[in-house]
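In the numbering used here, the protein residues as written are 68 to 428. Ideal placement from N, C-alpha and C gives every residue a C-beta, glycine not left out. Values in this document were obtained by computation on a predicted structure and should not be read as measured data.
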Amino acid sequence: MEHPENDSKYLGLTVNEGVAQPPVTNPYFTRRKRKPMPTVSELVEGIRRGDVTMLSRAVTLVESLAPDHQQLAQEVIEKCLPYSGNSRRIGITGVPGAGKSTSIDVFGLHVLRDGGKLAVLAIDPSSERTRGSILGDKTRMEKLSTHPGAFIRPSPSAGSLGGVARKTRETIVLCEAAGYNNIFVETVGVGQSETAVHSMVDFFLLIQLAGTGDELQGIKRGIMEMADGIVINKADGDNIDRARLAQAQFKSALRLFPPTASGWSPEVLTYSGYFELGIPEVWDMIDRYFDYVTANGYFERRRREQARYWMYETIDEQLRSRFYNDPEIAAMLAQREAAVLDNRLSSFIAARDVLQHYFSR
Ligand code: GDP
Numbered sequence: 068m069e070h071p072e073n074d075s076k077y078l079g080l081t082v083n084e085g086v087a088q089p090p091v092t093n094p095y096f097t098r099r100k101r102k103p104m105p106t107v108s109e110l111v112e113g114i115r116r117g118d119v120t121m122l123s124r125a126v127t128l129v130e131s132l133a134p135d136h137q138q139l140a141q142e143v144i145e146k147c148l149p150y151s152g153n154s155r156r157i158g159i160t161g162v163p164g165a166g167k168s169t170s171i172d173v174f175g176l177h178v179l180r181d182g183g184k185l186a187v188l189a190i191d192p193s194s195e196r197t198r199g200s201i202l203g204d205k206t207r208m209e210k211l212s213t214h215p216g217a218f219i220r221p222s223p224s225a226g227s228l229g230g231v232a233r234k235t236r237e238t239i240v241l242c243e244a245a246g247y248n249n250i251f252v253e254t255v256g257v258g259q260s261e262t263a264v265h266s267m268v269d270f271f272l273l274i275q276l277a278g279t280g281d282e283l284q285g286i287k288r289g290i291m292e293m294a295d296g297i298v299i300n301k302a303d304g305d306n307i308d309r310a311r312l313a314q315a316q317f318k319s320a321l322r323l324f325p326p327t328a329s330g331w332s333p334e335v336l337t338y339s340g341y342f343e344l345g346i347p348e349v350w351d352m353i354d355r356y357f358d359y360v361t362a363n364g365y366f367e368r369r370r371r372e373q374a375r376y377w378m379y380e381t382i383d384e385q386l387r388s389r390f391y392n393d394p395e396i397a398a399m400l401a402q403r404e405a406a407v408l409d410n411r412l413s414s415f416i417a418a419r420d421v422l423q424h425y426f427s428r
């Protein structure tokens, strides 16, 4: 190329010859081979050793929709079951913004102060991994995510609530077999997921906020009834008095509820997750609860009832998914549905036909 700048009479800067552009791709790069899938016994041994990579891979299998992965996952779960059960399972719920992640971060560090391990799991049927899960996201629990004793796993991606919850329930088994003696299951306190969480935890903690006008707003009575403890977060600065007022209101609201199955009277406390105030008191309440229900036998009873619940949940879910994923049934359903919509066929006859067809094969 002609460069007038390089003329000896030119007074400005001269242009040097360029160098060849390096290739945009790395010539030394060879695609790494995918790691082969570990066998069931490798996974189980890894989990038992507390190997986090193996635990994560097993959880991924639990969450996978591929039938061969599910088969593998079930075998791993079965082998892990004898080593499970030895943990405190705590459900934590609250509306978005209540301070769940901030609180789990400090609660978690508090629980781990004397050693032990903590797994933080989540149930959020509305979340999709690809869009960034709202719950259980590592960045939301900054301190805990770098703690060697903590294992944080976001919610299984979107699906039916039953399916998402069952996966979390199975992940608890794997975590316990890996030696996690504290399990937190987080959920957004706005919908049905509380019932699912309640059916897999020993203690259900409801995080509430003060100063939102009507203190009981936005929180379904059913959720309050499930709570073993209600904690009012953000009791700091100007908010302390309002938090105390909310505490009194919740306490009197709880008095109107029927006695709990455990015999334990749910307590209401105030704390600040952000400023780390009142954390030991919250944990003291939870410790007292565990002492109480262990002594009166409710702990064991609840776990046994939960085991039964999950048996039927699993049957329910498998039946539904087999039925609705059957191509023949799907075609038949579409056709009958159109007939029902056109008033050519009654709902009951349509349903009976499809079910009869399914069960007579
Ligand atoms: P989540 O949606 O329930 O997980 O809530 P976050 O933990 O993300 O908290 C929501 C907002 O409340 C954030 O801006 C936090 O900084 C703030 N927050 C959480 N805990 C406290 C607290 O104890 N006091 C105060 N003042 N703010 C808090």
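Distance between residue j and residue i (C-alpha atoms, nearest Å)
i: residue 260; j: residue 231; result: 9 Å
i: residue 307; j: residue 301; result: 8 Å
i: residue 427; j: residue 240; result: 37 Å
i: residue 250; j: residue 87; result: 57 Å
i: residue 296; j: residue 102; result: 45 Å
i: residue 420; j: residue 227; result: 26 Å
i: residue 381; j: residue 234; result: 10 Å
i: residue 289; j: residue 186; result: 27 Å
i: residue 200; j: residue 72; result: Bear in mind that a pLDDT of 48 at residue 200, under 50, signals an unreliable position, so the model cannot answer this.
i: residue 376; j: residue 369; result: 10 Å
i: residue 311; j: residue 393; result: 55 Å
i: residue 93; j: residue 134; result: 37 Å
i: residue 177; j: residue 214; result: 12 Å
i: residue 424; j: residue 267; result: 36 Å
i: residue 109; j: residue 272; result: 36 Å
i: residue 189; j: residue 367; result: 24 Å
i: residue 136; j: residue 124; result: 11 Å
i: residue 348; j: residue 274; result: 14 Å
i: residue 78; j: residue 85; result: 21 Å
i: residue 405; j: residue 98; result: 51 Å
i: residue 191; j: residue 90; result: 45 Å
Residue i and residue j closer than 8 Å at C-beta
i: residue 171; j: residue 253; result: yes
i: residue 309; j: residue 263; result: no
i: residue 139; j: residue 107; result: yes
i: residue 305; j: residue 339; result: no
i: residue 397; j: residue 407; result: no
i: residue 352; j: residue 372; result: no
i: residue 270; j: residue 157; result: yes
i: residue 315; j: residue 299; result: no
i: residue 238; j: residue 119; result: no
i: residue 55; j: residue 221; result: Nothing can be reported for residue 55, as the shown portion of the chain is limited to 68 through 428.
i: residue 291; j: residue 265; result: no
i: residue 329; j: residue 247; result: no
i: residue 173; j: residue 395; result: no
Boundaries (first-last residue) of the alpha helix (DSSP H) holding residue i
i: residue 143; result: 134–147
i: residue 119; result: 119–130
i: residue 384; result: 365–391
i: residue 72; result: First-last for residue 72: undefined, no H or E at that position.
i: residue 78; result: Looking at the DSSP string, residue 78 is not in any alpha helix (DSSP H), and its letter there is neither H nor E.
i: residue 175; result: 167–178
i: residue 211; result: 209–212
i: residue 412; result: Per DSSP, residue 412 belongs to no alpha helix (DSSP H) and is neither H nor E.
i: residue 289; result: 288–293
i: residue 87; result: It is not in any alpha helix (DSSP H) - residue 87 carries neither H nor E in the DSSP assignment.
i: residue 263; result: 260–265
i: residue 113; result: 107–116
Continuous beta strand (DSSP E) stretch holding residue i: start and end
i: residue 345; result: It is not in any beta strand (DSSP E) - residue 345 carries neither H nor E in the DSSP assignment.
i: residue 400; result: Unbroken run through residue 400 is the alpha helix (DSSP H), 394–408; no beta strand (DSSP E).
i: residue 328; result: No beta strand (DSSP E) holds residue 328; DSSP gives it neither H nor E.
i: residue 311; result: It is not in any beta strand (DSSP E) - residue 311 instead sits in the alpha helix (DSSP H) that spans 307–322.
i: residue 231; result: Not the beta strand (DSSP E): residue 231 falls in the alpha helix (DSSP H), residues 228–244.
i: residue 335; result: 334–337
i: residue 161; result: 155–161
i: residue 253; result: 249–255
i: residue 187; result: 185–190
i: residue 300; result: 296–300
i: residue 96; result: First-last for residue 96: undefined, no H or E at that position.
i: residue 217; result: 217–219
8 Å contact criterion, which residue i and residue j should meet: CB distance rounded
i: residue 175; j: residue 211; result: 4 Å
i: residue 435; j: residue 117; result: Nothing can be reported for residue 435, as the shown portion of the chain is limited to 68 through 428.
i: residue 114; j: residue 121; result: 6 Å
i: residue 341; j: residue 169; result: 6 Å
i: residue 255; j: residue 149; result: Rounded, the Cβ-Cβ distance is 33 Å, inconsistent with contact.
Chain C contact for residue i (CB, 8 Å cutoff)
i: residue 104; result: In the structure shown, chain C cannot be found, because there is only a single protein chain.
**Prompt:** Taking one C-beta from the region 172–183 and one from the region 134–146 each time, how about it: are there three or more such pairs within less than 8 Å?
**Reply:** The region 172–183 makes no contact with the region 134–146, as fewer than three CB pairs between them are under 8 Å.
**Prompt:** Counting pairs of Cβ atoms below 8 Å between the region 377–394 and the region 351–368, do you hit three or more?
**Reply:** Touching, no, given that fewer than three Cβ pairs across the two stretches are closer than 8 Å.
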